[in-house]
Amino acid sequence: MKSVSSKSFPENPKSAIQNPKWLRLSVIAFVLVVVGAVAQAQQPKKIPRIGYLAATDPASDSARSEAIRLALRELGYIEGQNIATEYQYAEGKPDRLPELVAKLVRLKVDIIVVAGADTAIRAAKNATKTIPIVMIGAGLDPVEAGYVESLARPGGNVTGLTSLGGELVGKRLELLKEAVPKVSRVAVLYDPATPDSVRDVKEALPVAARALGLTLRSWEVRAAEDFDKVFAAISKWRPDGLYLPRRNPLMRDNEKRIVGFALKSRLPAEPVKKLLAKQLLL
């Protein structure tokens with residue numbers, strides 16, 4: 013397997029299309045493994061099949077999957093002609109991931125591409141020890157998570173790209189404080205089923221908050237139906253800032269609800285996506 017890249021890439025998959033450098037690096041790593049998997053198939057007339065696994069839904073992941081499709085096409089890999097892709101989406105329901113990846117294994121795909129979430133990577137790794145697994149855009153440390161032996165020599169059947177953004181957690185909290193100096197009490201929303209978000213909340217955020225003189229309180233959100241109850245609890249605590257750990261599919265899929273709550277409560281929030289900046293930076 014090829015080595016894992018530890019460079020920091022954009023967390024918003026849409027930027028893959030807008031950033032040629034990110035796109036080239038991603039596709040080079042991706043295609044190298046695809047070519048390796050095809051060579052191992054030993055069936056010249058067989059059309060190689062890619063299994064694509066995402067924790068989100070097709071609409072949320074469309075920019076990333078489209079960037080990969082277009083770049084593969086530029087390199088001569090055309091969907092339906094000399095390559096085929098089986099797409100599986102968990103629709104924001106982590107418990108579906110083992111079932112979906114099992115389906116890909118039964119379909120005997122030549123390679124499994126895992127978009128983002130740690131839960132999806134873990135499900136794929138648990139499902140097969142032989143089919144190559146390529147992770148794209150994950151925000152975790154693959155060595156610490158136990159997916160690879162080292163970044164230089166991953167071993168096993170897992171490789172790909174990861175954006176090690178954990179060290180930026182404190183900086184993001186600092187940016188919120190700089191943007192809104194009056195902030196002193198910050199509410200944190202996170203999904204306990206996302207290991208990298210849990211690490212942020214339990215380890216990195218408390219250290220950064222103490223250094224900035226901020227008081228943090230975190231709320232777990234396990235499913236979409238939990239938001240209303242959590243929003244009510246946050247309102248009673250009366251914070252003056254809101255923080256969302258990145259790389260969290262549940263939060264991303266419910267972004268509109270979170271934005272609506274932030275606007276209604278007049279809470280400045282971090283992170284703020286470009287298209288929402290004017291609305292959230294109050």
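Start counting the sequence shown at 13; every next residue gets the next number (our numbering). Glycine residues also receive a C-beta, built at the ideal position from the N, C-alpha and C atoms.
DSSP three-state assignment for residue i, whether helix, strand or coil
| i | result |
| --- | --- |
| A235 | coil |
| A245 | helix |
| L228 | strand |
| A129 | coil |
| R165 | coil |
| G88 | coil |
| G63 | strand |
| R134 | helix |
| L6 | There is simply no residue 6 to check, as the chain begins at 13 and stops at 294 in what is shown. |
| A220 | helix |
| I145 | strand |
| E98 | strand |
| V50 | Confidence at V50 is low in this model, with a pLDDT of 49, below 50, so its placement is unreliable and the value that follows should be read with caution. Looking at V50 - three-state DSSP - the assignment turns out to be helix. |
Counted within 10 angstroms of its Cβ, other Cβ atoms place residue i as buried (16 or more) or exposed
| i | result |
| --- | --- |
| N260 | buried |
| E282 | buried |
| R211 | buried |
| A235 | exposed |
| A96 | exposed |
| V170 | buried |
| P193 | exposed |
| L87 | exposed |
| A244 | exposed |
| P70 | exposed |
| D73 | buried |
| S162 | exposed |
| K248 | exposed |
| K276 | exposed |
| Q93 | exposed |
| T131 | buried |
| V219 | exposed |
| K137 | buried |
| I246 | buried |
| I80 | buried |
| A191 | exposed |
| A223 | exposed |
| I59 | exposed |
| L279 | buried |
| R76 | buried |
| K189 | buried |
| L119 | exposed |
| A274 | buried |
| R134 | buried |
Per DSSP, the bridge partner or partners of residue i
| i | result |
| --- | --- |
| A281 | L254 |
| I80 | Paired residue(s): none; I80 is not in a bridge. |
Nearest-angstrom beta carbon gap, residue j and residue i [assumed within contact, 8 Å]
| i | j | result |
| --- | --- | --- |
| M263 | L256 | 5 Å |
| P63 | V121 | Just to set this straight, residue 63 is Gly in the shown sequence, not Pro. With 8 Å as the limit, G63 and V121 qualify as a contact, their Cβ atoms being about 4 Å apart. |
| P204 | E232 | 5 Å |
| P110 | A67 | At roughly 12 Å, the Cβ-Cβ gap does not stay under 8 Å, so P110 and A67 are not in contact. |
| V200 | R229 | 7 Å |
| L185 | A157 | Actually they do not touch by this definition, with Cβ atoms about 23 Å apart. |
| E98 | R61 | 6 Å |
| G104 | D265 | 4 Å |
| Q100 | L84 | Contact doesn't hold; Cβ gap of about 18 Å is too wide. |
| R108 | A114 | Wrong, their Cβ atoms sit about 11 Å apart, outside the cutoff. |
| I145 | V126 | 6 Å |
| I124 | L65 | 6 Å |
| R269 | F239 | 5 Å |
| A216 | G182 | 6 Å |
Residue i: CB within 8 Å of a non-hydrogen atom of the ligand NAP
| i | result |
| --- | --- |
| P204 | Among the ligands in the structure shown, none appear at all, so the ligand NAP cannot be discussed. |
Complete beta strand (DSSP E) runs within the stretch 246-276 (minimum length 3 residues, chain order): 253-255
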